[in-house]
DNA sequence: CTTTACCCACTTTTT
DNA sequence: GTGGGTAAAG
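Numbering (the UniProt record's numbering), first residue to last: 1 to 782.
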């Protein structure tokens, strides 16, 4: 085990064996960055540093898990479990859990994900009677997020001239006010959003010197992965934590900085040497991943960017295959082409599914590939997109648990107070919110005394029943574990039963998802604490805080499933694959339409292109479609400008026609294939579409007319003496008159005592209708 | 109060 | 094409 140093090259070893003092590792793509980080941590421990004194921060849970695993492997014991390794967010959440009460938060504080944050913000925008077209929650959330990532309080935001000017110019001068209200409401709800985990952490360290001292002392060695992606808040926190010992090691690659939209600033890595005088700098420039050809392309592409630390990435691997550029007619053809190519490569070069990745710019692009892979019977898995925990049914279920752990959580309450339906509707909720805002009480407190909000009768009774139920769950929490509470919630709210009774396909999936959630909670509570000294917090509160920070990619780490992987390029950073399909290389997609007009933005897109190129070990395809469906309609985009930045000598061009099209070969060999259009087959198609189109307009007009006629109830003029009768008296067989539907016969009665529903046959033209007697006006005729 | 039927906005990228 | 939000009917 002690020969781990032998597996390193000279530069790597230099970085690993540097123990005390600041160290910056500039690690090019595929240069063994993770290996260096993990080996360095193992080396520290070998040299007497206690695992408890090492903090390693990453950006994804996956990276953290991988590091931990690899360190364990090097060390050959389980000392690694005492390390503090995790994402910025999860490590800070863990610390905040211990320290939150100092800041006035409950230790069971809720973590709001972006959906929670947006819905809270939306409510606030409405309360202020602002136009949510102008004040789009997403936009406002973005401004607030940026402020927090720059460590700016609401007061500072409102006093900052530049920002005020910006907001005024964009026609949204009140954002500062919204920020203040949003922050106050989060606090009242006992909740932190993702940005707060950083922002509040910073405030904690600044405002409580004893806390700062404690963690400075604890974390004698600090390591930061992907330093180029840190934002101001992360940068300042790290600076504070490392200030005493200055045993800080950062690893990064400016060429792979792709998170500036999240406030990351490349400045942090560029000024490291100024921040820490005498810092040692090690450059890792040997690439162990990609073939010569792939690397050449990557180097040329990134060379077009102006801002960068000079590097010379090289490899001693063979030249390898050229890149393949593929043009298809449509997005569906692109999907088909990729699936075909995978099938072919598997046969010809003995690859497995797991050796392939399909990488795209936006999550929405996955559909065509899913369909074609499924058709070809190729196993795949999509990473990212909607995470398991963002599904409606899961969020609903978790909302209950959140209230149990933290009754202040208004967002969770609003979410489920009437789900499953229990007769607490919109007006009741509005009243409660108003009462809560006026009295300064929390939503939950108002629920305790619904009379104060002017509630009475059925609504008040429903609220009371709801409160009693929630209290019983909260009482359970004291004695029972998270799973027992969750099980009771599923049972007593009727949620599980309701989903079970929904026999539609989606209903079934929802039911299964909830079962899966319950299972995962069970697993969480039953997994015994690891035998190291670290006693993991198994409470409901800890569970909830943890899962909010989980991404889909983290959920199952069954790495070895033999599946093709589909994900965004962002999600693929740090990963590598034998064969990579970089798809959707079209203007407005990649580079994104949002980045076309700003040099900095465009350079970030180019870095993204660099990232996708450098994911590939052996083979790389680049594809684009002439036209594709976006927002449900067909659009055409030019080929991406990045295609022209690939030196032609490293790239083969081809054209993938429609499946089975004989023209595919000839098109591929024709000159300037990429620019050539596929004309011949389009002539007849054009004709048919025109014919169909003209026919369509008439048809659809007629259909629309018919529909309008049918939808309009047959004009029935109510009798002059029409008086609504008492619904209590209505029974099967009676003849009744309806205000709109006319005269009919009650053929069936159902529904509960207070919600009777009559099925009435109104005869030809109207037919049978189900009428809720409480609301419809009917007159008994007999 | 609840359900349904339209209408619209949505697409960068993530903790 | 989708999912969420709103208006009108039940």
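Just so you know, even glycine gets a beta-carbon here, dropped at the ideal spot from N, CA and C.
Beta carbon of residue i: closer than 7 Å to some heavy atom of the ligand NAD?
| i | result |
| --- | --- |
| residue 367 | Among the ligands in the structure shown, none appear at all, so the ligand NAD cannot be discussed. |
What number of angstroms, rounded off, separates the C-alpha of residue i from the C-alpha of residue j?
| i | j | result |
| --- | --- | --- |
| residue 581 | residue 416 | 42 Å |
| residue 66 | residue 385 | 22 Å |
| residue 341 | residue 578 | 14 Å |
| residue 183 | residue 420 | 30 Å |
| residue 244 | residue 219 | 10 Å |
| residue 432 | residue 394 | 25 Å |
| residue 118 | residue 89 | 19 Å |
| residue 311 | residue 32 | 15 Å |
| residue 328 | residue 59 | 36 Å |
| residue 610 | residue 256 | 7 Å |
| residue 251 | residue 263 | 18 Å |
| residue 350 | residue 21 | 48 Å |
| residue 680 | residue 572 | Note that residue 680 scores a pLDDT of 26, beneath 50, so its modelled location is shaky; the value from the coordinates is reported in the next line. Taking the straight line joining both Cα atoms gives about 39 Å. |
| residue 286 | residue 9 | 9 Å |
| residue 503 | residue 523 | 27 Å |
| residue 121 | residue 137 | 6 Å |
| residue 407 | residue 467 | 11 Å |
| residue 353 | residue 498 | 39 Å |
| residue 645 | residue 320 | 20 Å |
| residue 565 | residue 104 | 44 Å |
| residue 289 | residue 574 | 12 Å |
Report the CB separation of residue i from residue j in whole angstroms; it is logged as a contact under 8 Å.
| i | j | result |
| --- | --- | --- |
| residue 746 | residue 760 | 5 Å |
| residue 603 | residue 305 | 5 Å |
| residue 71 | residue 38 | 5 Å |
| residue 429 | residue 441 | That belief does not hold up - the Cβ atoms of residue 429 and residue 441 are roughly 15 Å apart, past 8 Å. |
| residue 230 | residue 268 | 5 Å |
For residue i versus residue j, is the C-beta distance shorter than 8 Å?
| i | j | result |
| --- | --- | --- |
| residue 25 | residue 284 | yes |
| residue 617 | residue 359 | no |
| residue 294 | residue 613 | yes |
| residue 53 | residue 259 | no |
| residue 275 | residue 27 | no |
| residue 585 | residue 654 | no |
| residue 189 | residue 464 | no |
| residue 106 | residue 100 | yes |
| residue 330 | residue 593 | no |
| residue 56 | residue 84 | yes |
Let me know the secondary structure DSSP gives residue i once reduced to three states.
| i | result |
| --- | --- |
| residue 56 | strand |
| residue 737 | strand |
| residue 29 | coil |
| residue 800 | An answer regarding residue 800 cannot be provided, because it is not within the stretch 1 to 782 covered by the chain. |
| residue 318 | coil |
| residue 786 | There is simply no residue 786 to check, as the chain begins at 1 and stops at 782 in what is shown. |
| residue 407 | coil |
| residue 192 | strand |
| residue 634 | strand |
| residue 534 | Model confidence at residue 534 stands at a pLDDT of 42, short of 50, so the residue's coordinates are unreliable and nothing is read from them. |
| residue 599 | helix |
| residue 639 | strand |
| residue 101 | helix |
| residue 525 | helix |
| residue 619 | strand |
| residue 17 | helix |
| residue 288 | coil |
Kindly list the residues whose CB is nearer than 8 Å to the CB of residue i, restricted to its own chain and excluding five residues on each side of it in sequence; keep chain order.
| i | result |
| --- | --- |
| residue 452 | 435, 439 and 446 |
| residue 195 | 144, 145, 148, 149 and 233 |
| residue 202 | 151, 233, 236, 237 and 240 |
| residue 483 | 518, 521, 522, 524, 525 and 526 |
| residue 339 | 369, 372, 373, 375, 376 and 378 |
| residue 215 | 95, 205 and 241 |
Spatial neighbours of residue i within its chain, please: CB distance less than 7 Å, with the 5 preceding and 5 following residues excluded, ordered by chain position.
| i | result |
| --- | --- |
| residue 335 | 368, 369, 371 and 372 |
| residue 634 | 627 |
| residue 19 | 44 and 47 |
Under 6 Å Cβ to Cβ from residue i, same chain only, skipping five residues before and after it: list those, please.
| i | result |
| --- | --- |
| residue 15 | 25, 36 and 282 |
| residue 205 | 212 and 240 |
| residue 668 | Here residue 668 scores only 29 on pLDDT, less than 50, and its place in the model should not be relied on; the value that follows carries that caveat. Result list for residue 668: 654 and 655, in chain order. |
| residue 605 | 591 and 595 |
| residue 660 | For residue 660, the predicted model reports a pLDDT of 36, less than 50, meaning its position is unreliable and no value from the coordinates is stated. |
| residue 732 | 746 and 749 |
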